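Participant: Take this structure first; my questions come after.
What follows is the structure, encoded as structure tokens:
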């Protein structure tokens, strides 16, 4: 059954998808830089009333924990926090927007050290690939 | 040249550019036109003590000069930027004027963020995370190379973590750039060549980048033409103001090109060589540039043919044009007095895997026209430059 994005169910399924990915395990094996927060900006028209963050505790090729929060202080406290609109995250999940290119073009906003992120471009690609294995229902689709 | 149907890009640059010999002497009028009353000059100790640039700016600003922060250091540290912001707050200013090379301009960009957002500069590291204009900043470059006066990025050395970090944002472009060729005539020949070839690398690499777009390409092509015609003139006759001016324009155009399209493998290699062997950034770029061009000739002959045309080479076959461009670049760099090899800096074959590994971990590599993931591939390229 398709899982609604963003939701806790989707996030847990995504964590499983990441941890099932051999390609991510390999590409992210040197990641020791802490959790990553992905913030979806509020979109009241779609029913997303508040900014919502998916926080992924990534470490050495594994996602140790993943959770959803509307507490933006918590999201901003993570070493890396990437913010985008609902439409942009949908493009990322559908592989229509490369997340690193999105950051360079200002479509996604990064808080954190860009030089660290770009060293893990392959890991970023594998994180995106993992999203495609989660059957996703988007808020703007019936 | 055609662009793909799914082309999409944003292009941004510095809003206003004032160019002309003696333009620095008019900075007081510019500051007044923009509605500012208290300007803080941001510069380094050398320019403050050994040149009259700051004095000229002070004289032009008159009562609008609030003071000078002379604490700019090469490869600006977070501490030097925070000290500058503290000084700006103490003095009270409504605009920053950076006078110097990339370090002065980057320092002022960092100060501008801290003055607007508060905290310390490292609190704001990130890309496109700023949500409003930082403190107003006018950039006055005294070298023709980094192009920082046209870019949206400041590079900061985080000494505590032992790494470099960035603040990048469309908001970070200076409010204005003042390009005054009189400020570059005293640059020594080696620095003129190294900074000029840094600008050449920016232009060529932005054309090779997968993030290039029609506007960045136009800037890059014009920059290459200006550099190939004017760098030799600057080296032959250092006080040739026309040539110096066109090199400043070339550096600014190349800055606009790479700020929007990014750089590629060549800069990754130059960063690695600079970090391990202390080679000047422009010199390091010059060492690798012809080899990088040859390396990409199999996948980017069309773009290298544009480089060839800008260099004055007329060759219809793209593959041949790409190779001729690389050969031309090699002799052009040698002609500029920078035909050095890695071994001239004490690099040995045993050092190459370490350099390659460092380059592979550099963010500049990711928009290269082909994916580079094997260390042996990079070592092979480095051997060409040994």
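Chains as they are written, first to last, in the numbering used here: chain A, 257 to 398; chain B, 4 to 389. Note that CB positions come from ideal geometry on N, CA and C, so glycine has one too. Fair warning: this is a prediction, and the values are worked out from it, not measured in the lab.
Using 8 angstroms as the threshold, is the C-beta distance between residue 373 of chain B and residue 310 of chain B below it?
Facilitator: No, they are not a contact pair.
Participant: Would you decide whether residue 128 of chain B is buried or exposed? Buried here means 16 or more other CB atoms lie within 10 Å of its CB.
Facilitator: Buried.
Participant: Assuming residue 14 of chain B contacts residue 263 of chain B under a Cβ cut-off of 8 angstroms, what Cβ separation, rounded to an integer in Å, is found between them?
Facilitator: At roughly 5 angstroms, the Cβ-Cβ gap stays under 8 angstroms, so residue 14 of chain B and residue 263 of chain B are in contact.
Participant: Restricting to Cα atoms, I'd like to know which of B:73, B:290, B:32, B:12 is closest to residue 50 of chain B.
Facilitator: If we check each option's Cα against that of residue 50 of chain B, B:73 comes out closest.
Participant: Determine the extent of the alpha helix (DSSP H) in which residue 333 of chain A is found, giving its start and end residues.
Facilitator: Counting along the chain, the alpha helix (DSSP H) containing residue 333 of chain A begins and ends at 328-333.
Participant: Check whether the Cβ atoms of residue 98 of chain B and residue 113 of chain B sit closer than 8 angstroms, and answer yes or no.
Facilitator: No, they are not a contact pair.
Participant: In whole angstroms, what is the alpha-carbon distance linking residue 174 of chain B and residue 142 of chain B?
Facilitator: One C-alpha to the other measures close to 14 angstroms.
Participant: Run through the segment 196-257 of chain B for me and flag every whole alpha helix (DSSP H) of 4 or more residues, listed as ranges in chain order.
Facilitator: Counting whole runs of 4 or more residues, the segment 196-257 of chain B contains the alpha helix (DSSP H) stretches 217-239.
Participant: In chain order, which continuous runs of the beta strand (DSSP E) of length 3 or greater are located wholly inside the segment 276-337 of chain A?
Facilitator: 292-296, 308-315, 318-325, all fully within the segment 276-337 of chain A.
Participant: How should residue 351 of chain A be labelled, buried or exposed, when 16 other C-beta atoms within 10 angstroms of its C-beta is the threshold for buried?
Facilitator: By the 10 Å Cβ count, residue 351 of chain A comes out exposed.
Participant: Examine chain B for any beta-carbon lying closer than 8 angstroms to the beta-carbon of residue 367 of chain A, and answer yes or no.
Facilitator: So yes, residue 367 of chain A belongs to the interface.
Participant: Do residue 263 of chain A and residue 324 of chain A count as a contact pair if the criterion is CB distance below 8 angstroms?
Facilitator: Yes, they are a contact pair.
Participant: For the structure I just gave you, are there three or more beta carbon pairs, one from the segment 357-368 of chain A and one from the segment 272-288 of chain A, closer than 8 angstroms?
Facilitator: As far as the Cβ criterion goes, the segment 357-368 of chain A does not touch the segment 272-288 of chain A, which means the pair count is below three.
Participant: What does residue 13 of chain B reach in chain A if we use C-beta pairs closer than 7 angstroms?
Facilitator: The answer, in chain order, is 361, 362.
Participant: For residue 299 of chain A, which residues in the same chain have their Cβ closer than 6 angstroms to its Cβ, ignoring the five residues on either side in sequence?
Facilitator: So the qualifying residues of the chain are 342.
Participant: Quick check on DSSP: helix, strand or coil for residue 335 of chain B?
Facilitator: If DSSP states are grouped into helix, strand and coil, residue 335 of chain B belongs with the helices.
Participant: Could you name the residues of chain A that residue 6 of chain B contacts, counting a contact when the two beta carbons are closer than 8 angstroms?
Facilitator: Within chain A, no residue comes near residue 6 of chain B; the closest Cβ sits about 15 angstroms away, beyond 8 angstroms.
Participant: Could you tell me the alpha carbon to alpha carbon distance between residue 329 of chain A and residue 362 of chain B, rounded to whole angstroms?
Facilitator: Cα-Cα distance, rounded: 35 angstroms.
Participant: Chain A beta carbons: is any one of them nearer than 8 angstroms to that of residue 380 of chain B?
Facilitator: Cβ-Cβ to chain A under 8 angstroms: no for residue 380 of chain B.
Participant: What does the Cβ neighbour count give for residue 250 of chain B, buried or exposed, with the cut at 16 atoms within 10 Å?
Facilitator: Looking at its Cβ environment, which holds 16 or more other Cβ atoms inside 10 Å, residue 250 of chain B is buried.
Participant: Which residues mark the beginning and the end of the alpha helix (DSSP H) in which residue 357 of chain B is found?
Facilitator: Residues 355-363.
Participant: If the criterion is Cβ atoms closer than 8 angstroms, does the pair residue 104 of chain B and residue 45 of chain B meet it?
Facilitator: No, the pair does not count as a contact, with Cβ atoms beyond the cut-off.
Participant: Would you give the residue range spanned by the alpha helix (DSSP H) that residue 293 of chain B belongs to?
Facilitator: Note, residue 293 of chain B: alpha helix (DSSP H), 284-298.
Participant: Following the continuous alpha helix (DSSP H) through residue 56 of chain B, name the residue where it begins and the one where it ends.
Facilitator: Its alpha helix (DSSP H) spans residues 56-64.
Participant: Alpha carbon to alpha carbon, how far is residue 225 of chain B from residue 313 of chain B?
Facilitator: Going by the C-alpha atoms only, they are around 7 angstroms apart.
Participant: Taking the alpha carbon of residue 170 of chain B as the point to measure from, which residue in B:81, B:348, B:178, B:149 has its own alpha carbon closest?
Facilitator: Measuring from the Cα of residue 170 of chain B, the nearest candidate turns out to be B:81.
Participant: Taking residue 167 of chain B as the query, report the chain A residues whose CB atoms sit under 9 angstroms from its CB, ordered along the chain.
Facilitator: The contacting residues are 369, 371.
Participant: For residue 154 of chain B, count the other beta carbons within 10 Å of its own beta carbon; 16 or more makes it buried, fewer makes it exposed. Which is it?
Facilitator: Result: buried.
Participant: Spatial neighbours of residue 306 of chain B within its chain, please: C-beta separation below 6 angstroms, excluding the five flanking residues on both sides.
Facilitator: Around residue 306 of chain B: 210, 211.
Participant: Please compile the residues from chain A whose C-beta is within a distance smaller than 7 angstroms of the C-beta of residue 224 of chain B.
Facilitator: Under the 7 angstroms cutoff, chain A gives no residues; its nearest Cβ is about 22 angstroms from residue 224 of chain B.
Participant: Please check if any C-beta of chain B sits within less than 8 angstroms of the C-beta of residue 377 of chain A.
Facilitator: Interface residue, yes.
Participant: At the level of alpha carbons, what is the spacing between residue 340 of chain A and residue 306 of chain A?
Facilitator: C-alpha separation (whole angstroms): 13 angstroms.
Participant: Relative to the C-alpha of residue 385 of chain B, which residue among B:318, B:298, B:218 is closest?
Facilitator: The option with the nearest alpha carbon to residue 385 of chain B is B:298.
Participant: Residue 396 of chain A to residue 60 of chain B, Cα distance in whole Å?
Facilitator: Roughly 57 angstroms between the two C-alpha positions.
Participant: Let me know if residue 201 of chain B comes out buried or exposed under the rule of 16 or more other beta-carbons within 10 Å of its beta-carbon.
Facilitator: So residue 201 of chain B counts as buried.
Participant: Have a look at residue 280 of chain B and residue 348 of chain B and give me their C-alpha separation to the nearest angstrom.
Facilitator: Straight-line Cα distance between these residues: approximately 7 angstroms.
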